[in-house]
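Visitor: Everything in the sequence shown is counted per numbering that gives the first Met the number 0, starting at 0 for the first residue and increasing by one.
All residues carry an ideal CB built from backbone N, CA and C; glycine is no exception.
These numbers come from a predicted model, not from an experiment.
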Amino acid sequence: MPLALLALAVAAFGIGTTEFVIMGLLPDVARDLGVSIPQAGLLITGYALGVVFGAPILAIGTANMPRRATLLGMTLMFILGNVLCALAPNYVTLMAARVITALCHGAFFGIGSVVAAGLVAPNKRAQAIAMMFTGLTLANVLGVPLGTALGQYAGWRSTFWAVSVIGVIAVIAQWVWLPKEIPMEKANLASEFKVLGKVNVLLALGMSVLASTSLFSVFTYIAPILQDITGVSPHGITVMLLLFGVGLTAGSFLGGRLADRRLLPSLVGMALAVVLVLAAFSQTSQSVIPAAITLVLWGIFAFALCPILQLLIIDQAHEAPNLGSTLNQSAFNLGNAAGAWIGGLVVASGANLADLPWTGALVGGLTVLTALYFIYRQRRLSAAAGFAE
Numbered sequence: 000m001p002l003a004l005l006a007l008a009v010a011a012f013g014i015g016t017t018e019f020v021i022m023g024l025l026p027d028v029a030r031d032l033g034v035s036i037p038q039a040g041l042l043i044t045g046y047a048l049g050v051v052f053g054a055p056i057l058a059i060g061t062a063n064m065p066r067r068a069t070l071l072g073m074t075l076m077f078i079l080g081n082v083l084c085a086l087a088p089n090y091v092t093l094m095a096a097r098v099i100t101a102l103c104h105g106a107f108f109g110i111g112s113v114v115a116a117g118l119v120a121p122n123k124r125a126q127a128i129a130m131m132f133t134g135l136t137l138a139n140v141l142g143v144p145l146g147t148a149l150g151q152y153a154g155w156r157s158t159f160w161a162v163s164v165i166g167v168i169a170v171i172a173q174w175v176w177l178p179k180e181i182p183m184e185k186a187n188l189a190s191e192f193k194v195l196g197k198v199n200v201l202l203a204l205g206m207s208v209l210a211s212t213s214l215f216s217v218f219t220y221i222a223p224i225l226q227d228i229t230g231v232s233p234h235g236i237t238v239m240l241l242l243f244g245v246g247l248t249a250g251s252f253l254g255g256r257l258a259d260r261r262l263l264p265s266l267v268g269m270a271l272a273v274v275l276v277l278a279a280f281s282q283t284s285q286s287v288i289p290a291a292i293t294l295v296l297w298g299i300f301a302f303a304l305c306p307i308l309q310l311l312i313i314d315q316a317h318e319a320p321n322l323g324s325t326l327n328q329s330a331f332n333l334g335n336a337a338g339a340w341i342g343g344l345v346v347a348s349g350a351n352l353a354d355l356p357w358t359g360a361l362v363g364g365l366t367v368l369t370a371l372y373f374i375y376r377q378r379r380l381s382a383a384a385g386f387a388e
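(1) Would you identify the three-state DSSP class for A330, choosing helix, strand or coil?
(2) To the nearest angstrom, how far is the alpha carbon of G105 from that of N327?
(3) Alpha carbon to alpha carbon, what distance is there between F159 and N81?
(4) By DSSP, does G180 sit in helix, in strand, or in coil?
(5) Between the C-alpha atoms of M130 and A153, what's the straight-line distance to the nearest angstrom?
(6) So for Y220, helix, strand or coil by DSSP?
(7) Rounded to the nearest angstrom, what separates I312 and V200 at their Cα positions?
(8) Excluding five sequence neighbours on each side, which residues of the same chain lie with their C-beta closer than 8 Å to the C-beta of Q285?
(9) Taking 8 Å as the threshold, find out whether the region 49 to 58 comes into contact with the region 85 to 102 through three or more Cβ pairs.
(10) Closest to P303 by C-alpha separation, out of A330, S216, R379, Q126, would be which residue?
(11) Among residues of its own chain, excluding the 5 on either side of G235, which ones have a beta-carbon nearer than 7 Å to its beta-carbon?
(12) Could you say which of G338, R261, S329, I288 lies nearest to I307 if we only look at CA atoms?
(13) Using a Cβ-Cβ cutoff of less than 6 Å, which residues in the same chain neighbour I165 once the five nearest sequence positions on both sides are dropped?
(14) I'd like to check one pair, G134 with A8: are the Cβ atoms closer than 9 Å?
(15) Spatial neighbours of F373 within its chain, please: CB distance less than 6 Å, with the 5 preceding and 5 following residues excluded, ordered by chain position.
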């Protein structure tokens with residue numbers, strides 16, 4: 000089974016790289032296609048919206064398709080989208096290609112999480128999800144820097160050709176290593192939509208939005224914080240981001256282990272840890288070594304929440320796990336966009352960059368409160384059920 004999870008992780012690596020690498024290539028893309036930097040930046044927004052709105056539709060459309068064939072189809076769509084990006088003759092075509100790629104992003108991670116959890120023993124489900132998401136964290140540590148360097152050296156189109164090759168490798172790995180028959184329950188479209196009315200599902204999705212908003216309200220502006228407040232050189236910023244990526248990778252494994260042991264206490268603990276570390280960052284950002292330590296801890300705690308929240312939504316949306324899991328990816332991406340927007344408003348208001356982490360801490364506090372309410376509600380429901388019996 001580890002080889003099957005590795006196949007999913009390879010695809011996750013490619014998908015994560017293609018989502019974020021465009022940020023480092025924006026000036027090259029804008030220059031080549033004759034558009035402004037803000038217009039080129041909309042390629043990031045278009046991708047996020049493709050995940051938010053398109054992925055659930057694709058998940059419902061493939062609800063009763065064999066899981067192996069669905070994942071292979073998503074990966075082929077990923078390859079197609081990146082090939083179209085590499086060949087795009089103009090801005091409109093590139094935007095359409097990015098949206099096509101985004102559709103497979105949300106659906107792949109959503110369905111892939113359910114498949115990964117089903118490939119292992121019940122007490123290893125979160126760790127299996129975390130292993131798949133390791134591909135996403137490594138995309139930030141290795142894929143994005145290497146893809147940006149390649150694009151700057153050989154042209155931005157070369158990066159999308161390289162990511163397409165990763166997609167081909169992922170298809171081969173899934174074809175060879177994924178089980179021929181992956182158990183699945185027959186989906187009922189009425190149940191798929193009905194799950195959206197469950198309060199616990201909405202609370203779980205809300206926590207994913209808040210956790211992601213907390214992260215990106217600060218991380219979107221991490222370069223100017225490190226440069227202007229910490230006094231780090233451009234090369235040093237790369238090193239600091241690498242340390243953050245190491246924290247993300249460690250956090251993914253930590254979250255998987257914690258979730259398999261005590262899901263809800265781990266959720267509260269990691270969310271609270273994010274609040275504390277962001278509050279500390281408002282002070283430690285003044286000096287290089289403390290800032291570096293804080294970034295590693297922030298990466299650990301922030302990404303430990305990912306497998307925890309992913310397993311939570313699978314459990315709560317058990318009547319429609321594929322849709323619920325895919326909607327969780329939409330929630331994360333909605334948080335990405337909201338966090339960047341909120342952080343931008345704070346910066347535009349004239350606030351000191353050193354105080355920006357307090358914004359992330361405040362949103363993180365809402366995550367903690369929502370988690371506590373979720374637990375309170377669960378206990379009341381359990382008590383009511385016990386009384387009825």
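Guide: Inspection of the coordinates gives the following:
(1) To locate residue 330, count along the sequence shown from 1; it is residue 331. Here A330 sits in helix by DSSP.
(2) For the purposes of this step, residue 105 is taken as residue 106 along the sequence shown, with counting starting at 1. For the purposes of this step, residue 327 is taken as residue 328 along the sequence shown, with counting starting at 1. One C-alpha to the other measures close to 8 Å.
(3) The count along the sequence shown starts at 1 and reaches residue 81 at position 82. The count along the sequence shown starts at 1 and reaches residue 159 at position 160. Those two C-alpha atoms are separated by around 5 Å.
(4) Within the sequence shown, the letter at position 181 stands for residue 180. In the sequence under discussion, the amino acid at residue 180 is Glu, which differs from the Gly named in the question. Reduced to three states, the DSSP call for E180 is coil.
(5) On the sequence shown, position 131 is the one that residue 130 refers to. On the sequence shown, position 154 is the one that residue 153 refers to. For M130 and A153, the distance between alpha carbons rounds to 32 Å.
(6) Position 221 of the sequence shown holds residue 220. If DSSP states are grouped into helix, strand and coil, Y220 belongs with coil.
(7) Position 313 of the sequence shown, counted from the start, is the residue given in the question as residue 312. Position 201 of the sequence shown, counted from the start, is the residue given in the question as residue 200. Their backbone Cα atoms lie some 6 Å apart in a straight line.
(8) What you label residue 285 is simply residue 286 of the sequence shown in a count that begins at 1. Cβ neighbours of Q285 beyond the five flanking positions: I228, T229, A353.
(9) yes
(10) Numbered from 1 along the sequence shown, position 304 holds the residue referred to as residue 303. Correcting the residue type first, residue 303 is Ala in the shown sequence and not Pro. Among A330, S216, R379, Q126, the Cα nearest to that of A303 is on Q126.
(11) On the sequence shown, position 236 is the one that residue 235 refers to. Once the five neighbours on either side are set aside, G235 has no close Cβ partner at all.
(12) The count along the sequence shown starts at 1 and reaches residue 307 at position 308. Nearest C-alpha to I307: R261.
(13) Taking the sequence shown and counting its residues from 1, one reaches residue 165 at position 166. The answer, listed in chain order, is G13.
(14) On the sequence shown, position 9 is the one that residue 8 refers to. On the sequence shown, position 135 is the one that residue 134 refers to. Taking 9 Å as the Cβ cut-off, A8 and G134 qualify as a contacting pair.
(15) Position 374 of the sequence shown, counted from the first residue, corresponds to residue 373. The answer, listed in chain order, is L202.
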